[in-house]
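Notes follow the structure.
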Amino acid sequence: MFVRCAYYVGTVAPENQRAFDDYVLNVHLPDVAAWPRLRLLRLLKNDGLPYLGEAPRYYQCFELNFDTQEDMDFCMASPERVATRKQSAEDYG
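For what it's worth, this note's numbering labels the leading residue of the sequence shown as 1, then goes sequentially.
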């Protein structure tokens with residue numbers, strides 16, 4: 001199994017978290033779940049608390065699982081992934 005983690009760098013202001021979470025759950029994750037050869041998709045979200053004295057660097061992380069390196073490479077080069085990344089950039093720059 002091959003695992004790839006993806007994340008949005010930075011944090012989300014408390015007043016924007018509800019809208020951002022809604023976007024991720026209802027737009028972004030369904031798009032990613034449709035990527036070819038993706039075996040498993042998990043959303044990991046921190047609790048906002050410091051760890052080892054350091055504030056969280058990421059608001060959320062996405063874990064993508066593939067059966068083989070070839071499956072991961074195919075998925076990463078797919079038109080579906082390109083379209084999702086373009087849409088995310090347009091929606092959240």
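C-beta atoms are modelled at their ideal positions from N, C-alpha and C, and glycine is treated no differently.
Opening and closing residue of the alpha helix (DSSP H) in which residue i lies
i: L29; result: L29 to A33
Where residue i falls: helix, strand or coil (DSSP)
i: V12; result: coil
i: L52; result: coil
i: A89; result: helix
i: R4; result: strand
Cβ-Cβ distance between residue i and residue j below 8 Å
i: P3; j: Q60; result: Strictly speaking, residue 3 in this sequence is Val, with Pro absent from that position. No, the pair does not count as a contact, with Cβ atoms beyond the cut-off.
i: E80; j: A34; result: yes
i: L38; j: F66; result: yes
i: Y51; j: V9; result: no
i: P36; j: S88; result: no
i: A6; j: L64; result: yes
Start-to-end residues for the beta strand (DSSP E) that takes in residue i
i: R42; result: L40 to K45
Opposing strand residues paired with residue i [DSSP bridges]
i: L25; result: None, per the DSSP bridge assignment.
i: C61; result: Y7 and L44
i: V66; result: The sequence shown places Phe at residue 66, not Val. F2.
C-beta neighbour in chain B for residue i, strict 8 Å
i: C75; result: The structure shown contains no chain B; it holds only a single protein chain.
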